[in-house]
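The opening residue of the sequence shown carries number 818 in our numbering; numbering runs sequentially from there. Have a look at the structure below before the remarks.
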Amino acid sequence: MTIQWNFWPTATFLFVVLSWCVYLALFLFRKKPPKPREAKRERFSKLGIALQGSSYGLVWAIWRPPFTPLVPMPKPAEILLALGTMALSAASVWTIIAAARALGKQGSYLARLVEGHKLIVSGPYRFVRHPIYAGMFGQVLASGLAMSHWAALVAAMLLLAIGTAIRANSEEKLLREVFGDDFEAYARCVPAIFPRLR
């Protein structure tokens, strides 16, 4: 494989990789709150986790020629796409981290509730019910735009959408059982994954 060097695709690739490094560093070295006792769990969410993980694998495994644009395009479009991709990556990582902080000790990979679970509606949860998944969509899209073959990006987004639907539905099933009308009122006002344009 011949490596071509092109400034904007190279800068985008490096920025997205850096954003992943920042996210992983903050995630791995964060102060972990004490683990509360689990009250309820929805085990079907494991399938969603597997599908979401597969989407990450696809965008990282199936690359186009390094440091080239996703598809041939005029230079102004290439620059706009590069800047948009970098902004999307930064916003996605910020959203994931801010949402995890808002969840605190209630955060978990699996759909579950803990003793004394509260309905979080502050921070990024003011704009979407599942901001971590919104951030995951943004980061997978940014990663695909920065380095993946277009077909891998399409397949990854499809897997991510299915996995996210499974996980979001599993989580909301538990929240509806516990918070009832409060959750329904929240769900009527706040979209699931993508914020409304006002």
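For glycine and all other residues, C-beta sits at the position ideal for the given N, C-alpha and C.
- Your pair Ser909 and Ala959 checks out as a contact, with CB atoms roughly 6 Å apart and the cut at 8 Å.
- DSSP lists Ala928 as the beta-bridge partner residues of Glu859.
- In the DSSP annotation of this structure, the continuous segment of the alpha helix (DSSP H) that includes Trp825 starts and ends at Phe824 to Leu845.
- Taking the Cα of Ala917 as reference, the smallest distance to any Cα among Arg946, Pro893, Ile896 and Ser965 is reached at Arg946.
- Taking one beta carbon from each stretch, the stretch 869 to 878 and the stretch 963 to 978 have 3 or more pairs nearer than 8 Å; the two touch.
- In this structure, Leu991 sits near Ala928, with a CB-CB distance shorter than 9 Å.
- CA-CA distance, Ala1009 to Ile937, rounds to 14 Å.
- When Leu864, Gly865, Arg847 and Phe884 are compared, the shortest CA-CA separation from Val834 is found for Phe884.
- DSSP lists Trp880 as the beta-bridge partner residues of Ser965.
- Within its own chain, the residues whose Cβ lies closer than 6 Å to the Cβ of Thr981, once the five positions on either side in sequence are excluded, are Tyr950, listed in chain order.
- Non-local beta-carbon contacts of Met903 in its own chain, meaning distances under 7 Å to residues more than five positions away in sequence, involve Thr829 and Phe832 in chain order.
- For Ile896, the enclosing alpha helix (DSSP H) stretches over residues Lys892 to Leu920.
- The beta carbons of Ile914 and Gln956 sit no closer together than 9 Å.
- Apart from sequence neighbours up to five positions away, the residues of its chain that approach Tyr840 with a beta-carbon distance below 6 Å are Val910, ordered along the chain.
- A Cβ-Cβ contact shorter than 9 Å links Pro886 with Glu895.
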